[in-house]
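Student:
In full-length UniProt numbering, the protein residues as written are 1 to 710.
(1) With DSSP as the reference, please indicate the residues paired to residue 108 in a beta bridge.
(2) Residue 84 lies in the alpha helix (DSSP H); which residues open and close that run?
(3) Please report the straight-line C-alpha distance between residue 756 and residue 43, rounded to a whole angstrom.
(4) Tell me the rounded alpha-carbon separation between residue 487 and residue 525.
(5) Quick check on the DSSP output: what are the complete beta strand (DSSP E) runs of length 3 or more inside the region 479-506, in order along the chain?
(6) Examine the Cβ distances between the region 76-86 and the region 50-68 and report whether three or more of them are shorter than 8 Å.
(7) For residue 190, count neighbouring Cβ atoms within 10 angstroms of its own Cβ and tell me buried if that reaches 16, exposed if not.
(8) Near residue 461, what residues of its chain come up, given a Cβ to Cβ distance below 6 Å and the 5 sequence neighbours on each side ignored?
(9) Hey, could you find the ends of the beta strand (DSSP E) residue 518 is sitting in?
(10) Can at least three beta-carbon pairs, one atom from the region 288-304 and one from the region 387-396, be found at a separation below 8 Å?
(11) Just to confirm my understanding: we take residue 148, look at its own chain, exclude 5 residues before and 5 after, and list those with CB closer than 6 Å. What are they?
(12) Does the region 329-349 come close enough to the region 372-384 that 3 or more CB-CB pairs lie under 8 Å?
(13) Measuring straight from C-alpha to C-alpha, what distance separates residue 136 and residue 37?
(14) Look at the Cβ atom of residue 256, then the Cβ atom of residue 204, and state whether they are nearer than 9 Å.
(15) Taking residue 409 as the reference, give the member of 181, 331, 398 and 25 with the closest Cα.
(16) Taking all protein chains shown into account, decide if residue 71 is buried (16 or more other Cβ within 10 angstroms of its Cβ) or exposed.
(17) Would residue 536 be called buried (16 or more neighbouring beta carbons within 10 Å of its own) or exposed?
(18) State the beta-bridge partners of residue 379 as determined by DSSP.
(19) Considering just the uninterrupted stretch of the beta strand (DSSP E) at residue 389, what are its terminal residues?
(20) Answer yes or no: do residue 381 and residue 419 have a C-beta to C-beta separation smaller than 9 Å?
(21) Taking all protein chains shown into account, do 16 or more other C-beta atoms lie within 10 angstroms of the C-beta of residue 19, making it buried, or fewer, making it exposed?
(22) Using a Cβ-Cβ cut-off of 8 Å (strictly less than) and excluding sequence neighbours within five positions of residue 452, which residues of its own chain qualify?
(23) Along the chain, where does the alpha helix (DSSP H) that runs through residue 322 open and close?
(24) Who are the Cβ neighbours of residue 273 in its own chain at under 7 Å, not counting the five residues just before and after it?
(25) Using 9 Å as the threshold, is the C-beta distance between residue 127 and residue 108 below it?
(26) Give the DSSP-derived three-state secondary structure of residue 236 in the structure shown.
(27) Based on the DSSP output, what are the partners of residue 456 in its beta bridges?
(28) So residue 350 is in the alpha helix (DSSP H); what residue range does that whole segment cover?
(29) Based on DSSP bridge pairs, tell me the residues matched to residue 44.
(30) Hey, could you find the ends of the alpha helix (DSSP H) residue 279 is sitting in?
(31) For the beta strand (DSSP E) holding residue 465, just list the boundary residues, first then last.
(32) Check whether the Cβ atoms of residue 271 and residue 242 sit closer than 9 Å, and answer yes or no.
(33) Indicate whether residue 227 and residue 312 have their beta-carbon atoms separated by less than 9 Å.
(34) Per the DSSP calculation, residue 303 is bridged to which residue(s)?
(35) Going by alpha carbons, who is nearest to residue 363 out of 385, 326 and 25?
(36) Is it right to say residue 588 is buried, meaning 16 or more other beta carbons lie within 10 angstroms of its own, or is it exposed?
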């Protein structure tokens, strides 16, 4: 038997049903016996929604009113009545089992499952299997319109059924017409058989991506060929504490592939509010896109298309250890963070206790380590059931040793991301290949206290170099060559700021007086006179206005440690800077040779790569570095040596012997650091000849060899 089902919401109708998150307000159904071709009683039930504000389309199509709906039963009571009435109709027809049949998939997948999930009451098993009348119709009549273009009306017109929609109540006509279409499909000319119903997964299956495991064990296969880009979406705006189960619940009614939820992490290894989700088919993915800006709690979630390559970058991995750890089926994964570095497997098992046994004992633990084997303080644990995982989560922030331990739900994709991130972390003590400029920079940002620069603040984000030159007017001729510098934010987008180097302090003063609060497009632009030193200060997070200079919002007295002052040459920037995003400008010194080599043609702006980056957060302990007027590329050792010989630029030795210290007390001096490293050998004697050192630092390097060179 079939139960023909039709429904409507308080919002959109037709192809957009369920896309606006509106609640169900109408259910109409009728039982059909496929063997005897008999039907049961047609039932129509109104549903009382929490929000009775009906859309204009709903009022026009359904003719329902908020007053009438206010007297109806809520959804959970209506579904109970549905089950009771269907059972009684089946008994009358001499049947015991049935399958739902609806006009398309929207009512089941996009309305009933999401709404009942949000209201926290379960749907009966009958709603996890149903026939899509449109697909069945197209299978019976291949020459009819495509499935996505089918409606009840077009199917009836194709069969020549003479039903009048205006003669029946809304919902009643739809069900009667669907029953007539089914009987036509069962006629002797067609003899259609309903054999393959649509299914809705009861729960999300956790575990590693099966296609990634295939790629891991068969490396010759292609990652991009294994995951169809038409099945992947990106969800953005997730609460940071949301798990893969929370995301699966958000997409309730749609079938997600096993291990198909990959939570994205930021550079610190923490969740960034995004996830990539892989569905079983492109049809399911298209339905997921209709949930754009639906709500998870009080937050709306953005849903966009993504690619299979993006999914594998997040969900994939290359570690055999991870593959073995995740090979156990149907396990709940918990992430532990903040473990003591000396913690052992026995310590973790003892911390968890007998009330939450770990799957496989020690085999159910995975410690995250750096490439050199040092522990990171993170670990992943497997539990065989939800009860054990909940018991473990109750130990959140309990003490192990002298540290409190954080516990969170995790996913297979997060395990792979964390392991991949830590295993690919570069070792700071090993100095990478130095970086040299592609072209010797003829012009660099000037330093010093001469106020021969101006700062433009409040530029339109669409403003370009030509707009600035037009804004400057006659003062354009007083700009130094390569003297216009656009400032970008951390995302590489215009920040609304620019710095301009003028030929003299007088010219800068005149421009600041003449152009201050002058309009550019539809915005006024503030113009302040400043020096090269103040320019760098602002780029490091300070503020500059007519009231003066304010320090950057940073607790550190200086973002750039004195040890990095040796790299203030125009030809070389420190190789360690390649590990960090450029957040501010490193001052460079203009050499007489570089000035003499300047081209005769005047260019007012630097090359495309010469963008400045404003340090808006100003909390990066790394040395602030930014390219000036040229791009930089990594060069082989031979090229580095040649560049050093040609320009007489000091370059660090290739083996490298630098260490970087983090977490120092603010009042730490050089003596305390040298005392900390007492007993270690410092660099060779010729090392101090390679770095421009102050007299104090040079005297330290000539000290006994127990001291270390930083």
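Just so you know, even glycine gets a beta-carbon here, dropped at the ideal spot from N, CA and C.
Tutor: Reading it off the structure:
(1) Residue numbering aside, residue 108 sits at position 108 when the chain shown is read from its first letter. Its beta-bridge partners do not exist; DSSP assigns none.
(2) As a working note, residue 84 is residue 84 in the chain shown. Start and end: 75-93.
(3) For residue 756 there is no data in the structure shown, the boundaries of the chain being 1 and 710.
(4) What you label residue 487 is simply residue 487 of the chain shown in a count that begins at 1. What you label residue 525 is simply residue 525 of the chain shown in a count that begins at 1. So the two alpha carbons sit approximately 15 Å from each other.
(5) 479-488 and 494-502
(6) Short answer: they don't touch.
(7) By one-based count along the chain shown, residue 190 stands at place 190. Exposed, since its Cβ has fewer than 16 Cβ neighbours within 10 Å.
(8) Indexing the chain shown from 1 puts residue 461 at position 461. Correct list, in chain order: 494.
(9) The sequence position of residue 518 within the chain shown is 518, counting from 1. Taken as a continuous stretch (DSSP letters only), the beta strand (DSSP E) holding residue 518 covers 518-520.
(10) no
(11) In the chain shown, residue 148 corresponds to position 148, counting from 1. Excluding positions up to five away in sequence, the list is empty.
(12) The answer is yes - the region 329-349 touches the region 372-384, with three or more Cβ pairs under 8 Å.
(13) The residue given as residue 136 occupies position 136 in the chain shown. The residue given as residue 37 occupies position 37 in the chain shown. Distance between the alpha carbons of residue 136 and residue 37: 17 Å.
(14) Within the chain shown, numbered from 1, the residue matching residue 256 stands at position 256. Within the chain shown, numbered from 1, the residue matching residue 204 stands at position 204. Closer than 9 Å, so yes.
(15) Here residue 409 corresponds to residue number 409 of the chain shown, with the count starting at 1. The alpha carbon of residue 409 has as its nearest neighbour, out of 181, 331, 398 and 25, the alpha carbon of 331.
(16) Against the chain shown, residue 71 aligns to sequence position 71. By the 10 Å Cβ count, residue 71 comes out exposed.
(17) For the purposes of this step, residue 536 is identified with residue 536 of the chain shown, where counting begins at 1. With 16 or more other Cβ atoms inside 10 Å of its own Cβ, residue 536 counts as buried.
(18) Position 379 of the chain shown holds residue 379. Looking at the DSSP assignment, residue 379 forms a beta bridge with 336 and 367.
(19) To locate residue 389, count along the chain shown from 1; it is residue 389. Residue 389 -> not in any beta strand (DSSP E); alpha helix (DSSP H) instead, spanning 386-393.
(20) Sequence index remark: in the chain shown, residue 381 carries index 381 (1-based). Sequence index remark: in the chain shown, residue 419 carries index 419 (1-based). Contact: no.
(21) One-based indexing of the chain shown puts residue 19 at position 19. With 16 or more other Cβ atoms from the protein chains shown falling within 10 Å of its own Cβ, residue 19 counts as buried.
(22) Start at 1 with the first residue of the chain shown, and residue 452 comes out as number 452. The answer, listed in chain order, is 446, 501, 502, 503, 504, 505, 507, 508, 531 and 532.
(23) By one-based count along the chain shown, residue 322 stands at place 322. Unbroken alpha helix (DSSP H) run through residue 322: 320-325.
(24) Start at 1 with the first residue of the chain shown, and residue 273 comes out as number 273. 236, 237, 238 and 240.
(25) In the chain shown, residue 127 corresponds to position 127, counting from 1. In the chain shown, residue 108 corresponds to position 108, counting from 1. Contact flag set, yes.
(26) Within the chain shown, numbered from 1, the residue matching residue 236 stands at position 236. In this structure, residue 236 counts as strand in the three-state DSSP scheme.
(27) Your numbering for residue 456 matches position 456 in the chain shown. Residue 456 pairs with 498 and 527.
(28) Counting from one through the chain shown, the residue named residue 350 turns up at place 350. Here the alpha helix (DSSP H) through residue 350 covers 345-352.
(29) Translated into the one-based positions of the chain shown, residue 44 becomes position 44. DSSP, once it has assigned bridges, lists 28 as partnering residue 44.
(30) By 1-based counting over the chain shown, the position of residue 279 is 279. Element bounds for residue 279: not the alpha helix (DSSP H) but the beta strand (DSSP E), 271-279.
(31) Residue 465 sits at position 465 when you count from the first residue of the chain shown. Counting along the chain, residue 465 sits inside no beta strand (DSSP E); it lies in the alpha helix (DSSP H) bounded by residues 465-472.
(32) Taking the first residue of the chain shown as position 1, residue 271 is located at position 271. Taking the first residue of the chain shown as position 1, residue 242 is located at position 242. Contact: yes.
(33) On the chain shown, residue 227 is found 227 positions in, with the first residue counted as 1. On the chain shown, residue 312 is found 312 positions in, with the first residue counted as 1. Result yes, Cβ atoms of residue 227 and residue 312 sit closer than 9 Å.
(34) Counting from one through the chain shown, the residue named residue 303 turns up at place 303. Paired residues: 235.
(35) Locating residue 363 in the chain shown gives position 363, where the first residue counts as 1. Ranking 385, 326 and 25 by Cα distance to residue 363 puts 326 first.
(36) The count along the chain shown starts at 1 and reaches residue 588 at position 588. Confidence in residue 588 is poor, its pLDDT being 40 and thus under 50, which makes the residue's placement too unreliable to answer from.
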